[in-house]
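In order, the protein sequences belong to chains Y and Z.
The letter at position 10 of the first sequence is residue 10 when you use the numbering used here, and the numbering goes up by one with no holes.
The letter at position 95 of the second sequence is residue 95 when you use the numbering used here, and the numbering goes up by one with no holes.
Here a beta-carbon is modelled for each residue, glycine too, at the ideal position from N, C-alpha and C.
Worksheet: one structure, shown below.
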Amino acid sequence: DQQVKQNSPSLSVQEGRISILNCDYTNSMFDYFLWYKKYPAEGPTFLISISSIKDKNEDGRFTVFLNKSAKHLSLHIVPSQPGDSAVYFCAAGGTSYGKLTFGQGTILTVHP
Amino acid sequence: ETGVTQTPRHLVMGMTNKKSLKCEQHLGHNAMYWYKQSAKKPLELMFVYSLEERVENNSVPSRFSPECPNSSHLFLHLHTLQPEDSALYLCASSQDVRGGGTEAFFGQGTRLTVV
Numbered sequence: 001d002q003q004v005k006q007n008s009p010s011l012s013v014q015e016g017r018i019s020i021l022n023c024d025y026t027n028s029m030f031d032y033f034l035w036y037k038k039y040p041a042e043g044p045t046f047l048i049s050i051s052s053i054k055d056k057n058e059d060g061r062f063t064v065f066l067n068k069s070a071k072h073l074s075l076h077i078v079p080s081q082p083g084d085s086a087v088y089f090c091a092a093g094g095t096s097y098g099k100l101t102f103g104q105g106t107i108l109t110v111h112p
Numbered sequence: 001e002t003g004v005t006q007t008p009r010h011l012v013m014g015m016t017n018k019k020s021l022k023c024e025q026h027l028g029h030n031a032m033y034w035y036k037q038s039a040k041k042p043l044e045l046m047f048v049y050s051l052e053e054r055v056e057n058n059s060v061p062s063r064f065s066p067e068c069p070n071s072s073h074l075f076l077h078l079h080t081l082q083p084e085d086s087a088l089y090l091c092a093s094s095q096d097v098r099g100g101g102t103e104a105f106f107g108q109g110t111r112l113t114v115v
């Protein structure tokens, strides 16, 4: 049973436009959510996070939105740049344990 | 320099071989993890160590044997693997296991191929 799902395996966006990556979770014990970015032949790198007490967190071009009632979060990248092309993983964790549960990842391609 | 270093980067081994993956973190973290990433599957947590003590083992077959001699080093000993064990094995560390909001820092992974 997959507790964290990224239903879109891939997303293609034009440079300068907005990229929206989505993630759904089922475990209501999750109270901390993160996005990781992964380039080929590298490990995932932390991008941005949000705690369940917030519904939005912004860091430069990256904004994460959390809808707790829908158990849904999204990552917005605006404006998108070709260097943003990578695999994006959504991850969720709980206050009582630090382990993270990851989604399958979404391949983002930003075209010049 | 990511702070988490994994060796080797690539490994090809036969099903009867014994090999070890090594992970080292230079971040002063107390928790270390092994993850497995297979094609088209989510990252799977395999083992969690906190202060050199294994705190979680996610139903991983015994042909994978972790070792954490100190808080900076983590090994994954491999023996009699199967071809379906071919995957990217990622090591990660975080400040603590407990407490929400602790980001994990990942190594670059070891690409393992079992032939």
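Cutting at 7 Å between CB atoms, please list the residues of its own chain near residue i, excluding the five before and the five after it.
i	result
Y:A86	K37, K38, Y39, L108
Z:S38	A87
Is any beta-carbon of chain Y found at less than 8 Å from that of residue i?
i	result
Z:V48	yes
Z:E52	no
Z:Q108	yes
Z:E103	yes
Z:E56	yes
With DSSP collapsed to three states, give me the class of residue i.
i	result
Z:P69	strand
Y:D84	helix
Y:E42	coil
Z:D85	helix
Z:M15	coil
Y:D31	coil
Y:L75	strand
Z:D96	coil
Y:T26	coil
Z:Q25	strand
Taking only beta-carbon atoms, is residue i less than 8 Å away from chain Z?
i	result
Y:G60	no
Y:G103	yes
Y:T45	yes
Y:L75	no
In whole angstroms, what separates the C-alpha of residue i from that of residue j?
i	j	result
Y:V64	Y:L75	5 Å
Z:K19	Y:A91	30 Å
Z:F64	Z:P83	14 Å
Z:Q6	Z:H26	12 Å
Y:S69	Y:S19	23 Å
Z:F105	Z:T113	24 Å
Z:V4	Y:S49	20 Å
Z:N17	Z:L11	11 Å
Among the residues of its own chain, which have a CB less than 6 Å from the CB of residue i, if the five just before and after it don't count?
i	result
Y:S12	T109
Y:T101	Q3, V4, A92
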